[in-house]
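Novice: For the sequence shown, numbering that gives the first Met the number 0 assigns the number 0 to the initial residue and increments by one for each residue that follows. Quick one: this structure, given as structure tokens, is what I'll be asking you about.
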Amino acid sequence: MTRRLSAKFGGLILSLAFLSGISGCAVRTEVQKVDVGSLKGSLRFENVFFKEFTKSATAEPPGGTLAVCQESGIAYLREKGVFRQVDRYREGIGTASTALVEAELLEIRIVSSAARFWGGALAGRSHMKMDVRIVDAASGEILARQELMGAPDAMGSAWSFGTTDQKLPAAMGGLIGDFVLANAGKK
Numbered sequence: 000m001t002r003r004l005s006a007k008f009g010g011l012i013l014s015l016a017f018l019s020g021i022s023g024c025a026v027r028t029e030v031q032k033v034d035v036g037s038l039k040g041s042l043r044f045e046n047v048f049f050k051e052f053t054k055s056a057t058a059e060p061p062g063g064t065l066a067v068c069q070e071s072g073i074a075y076l077r078e079k080g081v082f083r084q085v086d087r088y089r090e091g092i093g094t095a096s097t098a099l100v101e102a103e104l105l106e107i108r109i110v111s112s113a114a115r116f117w118g119g120a121l122a123g124r125s126h127m128k129m130d131v132r133i134v135d136a137a138s139g140e141i142l143a144r145q146e147l148m149g150a151p152d153a154m155g156s157a158w159s160f161g162t163t164d165q166k167l168p169a170a171m172g173g174l175i176g177d178f179v180l181a182n183a184g185k186k
């Protein structure tokens, strides 16, 4: 009787561990990875300027979230060294061979460090969803548009004591950078 009971509980524990492993995976919009070396010779635009990111009426980001996301995207693209100039948008920039990155925050939830400490993975999953557009500065034509989402897994966030939750805006900046790179080649 004891062996049967222990076998049932062992199977139950193994099943729960498997299910939590599957449900704990991070979610991220798939963006095509581009070889930056081959991209340099076939750019659709040479300059990239990020317009100030906006938020929808229903999204309430913690202070500084959009600025962190934008700065992270700029830094990511500068690090790649593909474009002649990557910076924040300002009035009076030249429009020749220039793309503008526009992004609107649609949804956000960042689990606080206190909630993560007390609730662990049960505090839920942080997520950030943005509508991102790449616009030709000269014509105003939308070259590419996609809804991007990032959501670190709750279990990993619990193990890092909320660090991955707090780094979500910077990680989204990198995802936006990948989106720009994926759409920078001539079509």
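Every residue gets a Cβ at the ideal spot worked out from N, C-alpha and C, and that includes glycine.
#1: Quick one: measure Cβ to Cβ for residue 94 and residue 44, integer angstroms, because I've assumed they're closer than 8 Å.
#2: Where does residue 77 sit, in a helix, a strand or coil, going by DSSP?
#3: In whole angstroms, what separates the C-alpha of residue 83 from that of residue 149?
#4: Does the Cβ of residue 56 have 16 or more other Cβ atoms within 10 Å, making it buried, or fewer, making it exposed?
#5: Taking the alpha carbon of residue 192 as the point to measure from, which residue in 70, 79, 69, 63 has its own alpha carbon closest?
#6: What span of residues does the beta strand (DSSP E) with residue 133 cover, start to end?
#7: How is residue 102 classed by DSSP in three states: helix, strand or coil?
#8: What separation, rounded to the nearest whole angstrom, lies between the Cα atoms of residue 100 and residue 30?
#9: Quick check: does the Cβ of residue 183 come within less than 7 Å of any heavy atom belonging to the ligand ADP?
#10: Which same chain residues end up closer than 6 Å to residue 132 when comparing Cβ atoms and leaving out the 5 residues on each side of it in sequence?
#11: What alpha helix (DSSP H) runs, 4 residues minimum, are completely inside the region 30-77?
#12: Hey, how far is the Cα of residue 40 from the Cα of residue 185?
Specialist: This is what the structure holds:
#1: About 10 Å separates the CB atoms of residue 94 and residue 44; that is not less than 8 Å, and the two are not in contact.
#2: DSSP places residue 77 in the helix class (H, G or I) of the three-state scheme.
#3: Cα to Cα, the separation comes out at about 28 Å.
#4: Burial call: exposed.
#5: An answer regarding residue 192 cannot be provided, because it is not within the stretch 0 to 186 covered by the chain.
#6: For residue 133, the enclosing beta strand (DSSP E) has its first and last residue at 126-135.
#7: In the three-state reduction of the DSSP assignment, residue 102 falls in the strand class.
#8: Taking the CA atoms as reference points, residue 100 sits about 16 Å from residue 30.
#9: Looking for the ligand ADP in the displayed structure turns up nothing, as the structure carries no ligands at all.
#10: Excluding positions up to five away in sequence, the list reads 101, 141, 144.
#11: Segments of the alpha helix (DSSP H) lying fully in the region 30-77: 35-38.
#12: Each residue's Cα considered, the two are about 10 Å apart.
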